[in-house]
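Listed in order, the protein sequences are those of chains A, B, C and D. Take 1009 as the starting number for the first sequence in the working numbering and just add one per residue. Take 3 as the starting number for the second sequence in the working numbering and just add one per residue. Take 278 as the starting number for the third sequence in the working numbering and just add one per residue. Take 1202 as the starting number for the fourth sequence in the working numbering and just add one per residue. Idealized CB from N, CA, C, for every residue including glycine. Worksheet: the structure to be examined is printed underneath.
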Amino acid sequence: MEQTEIIEPIQETMEEMYVNMGPQHPSTHGVLRLMLKLDGEVVTEVTPYIGYLHRCHEKIGENRIYTQVIPYTDRLDYLASMYNNFGYVLAVERLMGLQVPERAEYMRVILAEMQRIASHLIWMGTFGLDLGNFTIFMYCFREREKILDLFESVSGQRLNYSFYRIGGMPLDLPDSFLTDCKAFLEWFKPRLPEYDAVMTDNIIFQKRVQGIGKLDQKTAIDYAISGPMLRGSGIKWDLRRNDPYSIYDRFEFEIPVGSASDVWDRYMVRRLEMAESVKIVEQALRDLPPGEIMGKVPKKLKPPAGDIYSRVESPRGELGFYIASDGSEKPYRYKVRSPAFVNLSVLPVIGPGHLVADMVAILGSIDIVLGEVDR
Amino acid sequence: MEKTLERFYAAFAALGIPWIVPQLILMLVVASLVILFISVSVMFMIWWERKISAHIQVRYGPMRVGGWHGWAQSIADGIKLLIKEDVIPAGADKLVFALAPMIVFAAALAAYVIIPFGPNLIVRDLNIGVLFYISISSLTVVGIIMAGWSSNNKYSVLGALRSAAQAVSYEVPLVVSILGVIMTVGSLSMIQIVEAQQRIWFVIPQFAGFLIYLTAALAECNRLPFDIPEAESELVAGFHVEYSGMRFAIFFLAEYANMFTVAAIATTLFLGGWHGPLLPPWLWFLIKTYFIIFVMMWLRWTLARLRVDQLMNLGWKVLLPLAFLNMGITGLVLVLLG
Amino acid sequence: MTPDEIIHAVRSQFGEAIKASEVKGVEARVDVDRGKSYEILLALKGMGLDYLNCISSVDRIASGELEAVYNLSSLNEPAKAMVRVRVPREDPVIQSAVAIWNAANWHEREAYDLMGIRFDGHPDLRRILTSEDWVGHPLRKDYQDERLVPYEPA
Amino acid sequence: MTVIQVVFFLVAAFTTGAALLVVLAKNIVHCAIALVFTFFGVAALYVLLDAEFLAAVQVLLYVGGITILLLFAIMLTSRISARGVKIMNEQVGVSAVVVFAIFALMAIASLKGLAVVGSPPPASYATASLGRLLLTTYVLPFEAVSILLLAAMVGAIILARREREKD
């Protein structure tokens, strides 16, 4: 009997294989680990494991005075630092009831929308890399460099600006900024059709992203998805329009939405949003009033006891800050509701049933930044 | 040429040395020449690819090593790879792991036997010509599977399986697409195929075949948009993810050598081989071959990657029927024209 | 629904379970009893607040309690709600809201991981941000770690 | 000994060695890889016999097709490749007798110079003449084999499909 047991009878179904995608993997955009359960090449189960970049950002925040938290927010979504600053200072201002001067508001919007363009550019480039299109990456980085140059001329920094202050802005725009920024926008607008030529209109690219990673509206709301992902599912929801903060209610812009709820729609939403951001910046540059840039702010910031949940529309979605104050100089509790964290949580739902190659595209379409997911 | 050879043999015969010795020497010389050509050509191609991709992507690419536009970059990279530590993963099957790059390279090398660089510049004008290339190139797949399996890494196994599936699927349209040319010439011999194109290049009557061949050839070379076996964003690097240093260099060398072979065969079958005015034949041949290589590079840096099921669909449901159609029409025309 | 209407509706339905309520702008804020938190959240969802923005956890160490803060809003109207639930530190258990919103899944895991609030009925209550073998809940005010250097402003 | 003979013995030794490895190797993947070398050696023997076309087809089909399929099957069932394979079983005696009988038959046949195939081989194995023969003199057996293969292929597809539908 022993001799006939050469090979154990093989199961009729094919064995399932577990593959770790990450934490070191070129498509996880950082240190994210996805446990994939594969049946052949088809993913049957996705389990994200996060926290590799966890630094207990919120605990750090509790141990700093309100102003000192600003540089730490830079490191959340390091591709959109301006927006993190924006969201944080807005939350503190709302908690304290501070007024921000007109000029500072316009500056905030200009920088924030430029940041949105830069962030979407990085996303577009890396998404191209995920799908094997290397050239778009370089194109996008070329434009982003120019935006970073502008930011450098304003804040002296290229990535972590720490440029917003509670109650206003620390420095006025340099003299050359207006002309430089306008020149950039003029230069940037014809670049968008160029991306279309390389990416959007390419039939291979279209076939790769259409019809995969479908996220229906019900699931999207159930998982509290926000930002371009939500709009890709056809829900016209943009906090800049629906819960206006700062001076966004003064600008005219479209909210692009998708219809098929797939990766392609998310791509198109971001692609079109860049053009809308250009519009907003142009209007803001046109209307930029002269005047003060820093409001009346007490020397020692002591918000009254109480708590607030304040949200802004970051390039990735709803960036919320929950701040509980006990009346002291430091936040009693400071919590970040990061859009990428929440958006990533839907991956186990939209991932399974696709090939590994599609997983890469779907993950790319979520647009995660691990600094923000892990906090 | 013939006379020099005869004198060469006679010199040895006069010394009483058996006939096999000069023949072996001759074989070694030819083989060394081919390897030398491959190495130089691959180095040039790698540098070229980097320059082309750079200029497509609005950058400069290598600019420092060697002075003029970084021409020596590939040499420096090659030396770096050669002096790197030879790493064999702990769980790997050592023998198979070591054998795999050799097989892949041997297959790439063997294909050069039938490339007609000029009227007399061919290692051996085999009777079976094109068929030899097709059969020998299937060895590459064995090498890739060996590499993927022996690395003891799931990503490399996946890459190897994808690669095998891809190569086997695309070999069929590849073979069928060149049948039109072979039917027209009535021979498999590379020399005869080139000579048949003295008046008109086959790319004109066989345009469909040319396109199908080029597409299938891209897939055979695992290049974008068909680089699924290596897809770095999915499989990290596919079957050679565990290879480094010298062994990796051999895979790399074989990959580019294959690219040259594929382009050279396209030149022979469709672009009239060495025919062309003014310039010497070998130069014409190289110009045409490098032009096809340039097209392949151009595509690589412009297109996105296909998905694995789309790749299979394209091969079986589009290319193969088209190739058969092309073959049928060619046959019909040949019969009607007598 | 306006925030006043929301508070009125919740109060009339749950009465005693609502400990305090407040209106701030378009936001209705209610402090609720933990025994009824699940039902109240479900009722709020029924009122159109179908979007769970965030679950935050706060360590109210002075009163020996932990607090979970639910922020709800709607994608159709400007109304918002903030629901606060306090639980004693010795027994920090709240009924999980995953059955109402899947969005609660990761938020609750985070609150469990960093603050140590346990959510009853959560399908997969594991640590999410810290490693699996981590000891303690770092965001609690009394969390001690020898590697943690207290910050002293100059 | 002529050069051809030397080469022949080298190739024969290589082929036999690889063939032995196919049956004796403990790891089934090694067996499959050895099979590649065996087929390749056989192809080399064909070349020595001036049957270049046959050699090319041998490599194309057996090396490029059949062994790849084998390796595929082995790798997709990971449990086989991981464990060793027992080489001997209780049928060793029987198979030894059968193998020896076949070997003896073939040895006698080749020593006596018996032509196993009826007619003497044509003078030229050139591909063109081979093709012409296949479509003239031997067209009937050629087509019959084609239909047989087609039937087998259709059958295989139907079997595979039916199994999938069961899942």
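In the DSSP assignment, what residue or residues form a beta bridge with residue i?
| i | result |
| --- | --- |
| residue 1056 (chain A) | A:1042 |
| residue 329 (chain C) | C:349 |
| residue 334 (chain C) | C:345 |
| residue 228 (chain B) | BP columns for residue 228 (chain B) are empty, so no partner. |
| residue 365 (chain C) | C:342 |
| residue 1333 (chain A) | A:1314 |
| residue 306 (chain C) | C:299, C:359 |
| residue 1173 (chain A) | A:1176 |
| residue 87 (chain B) | Beta-bridge pairing links residue 87 (chain B) to no other residue. |
| residue 1322 (chain A) | A:1325 |
Per DSSP, what kind of secondary structure is residue i in: helix, strand or coil?
| i | result |
| --- | --- |
| residue 1180 (chain A) | coil |
| residue 1150 (chain A) | helix |
| residue 1316 (chain A) | strand |
| residue 372 (chain C) | strand |
| residue 93 (chain B) | coil |
| residue 291 (chain C) | helix |
| residue 1285 (chain A) | helix |
| residue 1233 (chain A) | coil |
| residue 380 (chain C) | coil |
| residue 402 (chain C) | coil |
| residue 1047 (chain A) | strand |
| residue 1293 (chain A) | helix |
| residue 1302 (chain A) | strand |
| residue 1363 (chain A) | strand |
| residue 1189 (chain A) | helix |
| residue 1277 (chain A) | helix |
| residue 1252 (chain A) | coil |
| residue 1225 (chain A) | helix |
| residue 188 (chain B) | coil |
| residue 1268 (chain A) | coil |
| residue 429 (chain C) | coil |
If you follow the beta strand (DSSP E) that residue i is part of, which residue opens it and which one closes it?
| i | result |
| --- | --- |
| residue 1025 (chain A) | 1025–1029 |
| residue 299 (chain C) | 295–301 |
| residue 396 (chain C) | 395–397 |
| residue 1342 (chain A) | 1341–1345 |
What does a CB cutoff of less than 8 angstroms around residue i pick up in its chain, not counting 5 residues either side in sequence?
| i | result |
| --- | --- |
| residue 1219 (chain A) | 1268, 1270, 1272 |
| residue 1331 (chain D) | 1254 |
Once the 5 residues before and after residue i are set aside, which same chain residues still bring their CB inside 7 angstroms of it?
| i | result |
| --- | --- |
| residue 73 (chain B) | 49 |
| residue 296 (chain C) | 308, 309, 310 |
| residue 1094 (chain A) | 1116, 1120, 1172, 1320 |
| residue 1129 (chain A) | 1148, 1151, 1152 |
Output needed for residue i: all residues of its chain with C-beta closer than 6 angstroms, excluding positions within five of it in sequence on either side, in chain order.
| i | result |
| --- | --- |
| residue 84 (chain B) | 248 |
| residue 212 (chain B) | 205, 272 |
| residue 1221 (chain D) | none |
| residue 1124 (chain A) | 1285, 1323 |
Following the continuous alpha helix (DSSP H) through residue i, name the residue where it begins and the one where it ends.
| i | result |
| --- | --- |
| residue 337 (chain B) | 322–339 |
| residue 1311 (chain D) | 1293–1312 |
| residue 1243 (chain D) | 1229–1249 |
| residue 315 (chain C) | 314–323 |
| residue 418 (chain C) | Note, residue 418 (chain C): premise wrong, no alpha helix (DSSP H); not H, not E. |
| residue 1259 (chain D) | 1253–1259 |
| residue 1212 (chain A) | 1211–1217 |
| residue 1128 (chain A) | 1110–1138 |
| residue 1107 (chain A) | Unbroken run through residue 1107 (chain A): none, as it is neither H nor E. |
Please find out if some non-hydrogen atom of the ligand HEM comes closer than 7 angstroms to the beta-carbon of residue i.
| i | result |
| --- | --- |
| residue 340 (chain B) | Questions concerning the ligand HEM fall outside what the structure shown contains, since it holds no ligand whatsoever. |
- prompt: Curious, which full-length beta strand (DSSP E) runs of at least 3 residues does the stretch 268–311 of chain B contain?
  reply: For the stretch 268–311 of chain B, not a single whole beta strand (DSSP E) run of length 3 or above is found.
4 or more residues per run - each alpha helix (DSSP H) lying fully within the stretch 11–85 of chain B: Taking only runs of at least 4 residues, the alpha helix (DSSP H) segments lying wholly in the stretch 11–85 of chain B are 22–58, 75–84.
message: Report the start-end ranges of each alpha helix (DSSP H) in the stretch 98–181 of chain B that is 4 residues or longer and not cut off at the edges.
response: 131–152
- request: Scan the stretch 1053–1100 of chain A and note each continuous alpha helix (DSSP H) run of 4 residues or more that stays entirely inside, going in chain order.
  value: The stretch 1053–1100 of chain A contains these whole alpha helix (DSSP H) runs: 1065–1070, 1077–1082.
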